[in-house]
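Residue numbers (our numbering): 1091 to 1199.
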């Protein structure tokens, strides 16, 4: 079963280099972050091999959050080959993520 991959300031650049990667900027104390965690687990399973789902704890990894000007969490940034291409701020329903993923996957093919 695929799960979101925990990344850090040190592993961030290498983790987002190839293909589509969603980075969830989150913290353990954040209620909305905990609300979307099960959705991200489902998406990691459903989009395995198409979109990598990753999580970056902003409390433990502030450099990357500052670099991308993450001001509130959850902030989810979708990267294609290392470049940010879309952003979702706040807790959204699964269908919002599915629509974004499908839109960007169609653009690749």
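Where is the CB? At the ideal position from N, CA and C, for every residue including glycine. Values in this document were obtained by computation on a predicted structure and should not be read as measured data.
Annotation for residue 1168: 1112, 1175, 1176 place their beta carbon closer than 6 Å to its own, counting only its chain and skipping 5 residues before and after. Within the stretch 1117-1150, the complete alpha helix (DSSP H) segments of 4 residues or longer fall at 1121-1136, listed in chain order. Partner residues in the beta bridge of residue 1095, as assigned by DSSP, are 1144. Under the DSSP definition of a beta bridge, residue 1115 partners with 1146, 1165. With respect to the 8 Å criterion, residue 1094 and residue 1165 are not classified as neighbours on the basis of their beta carbons.
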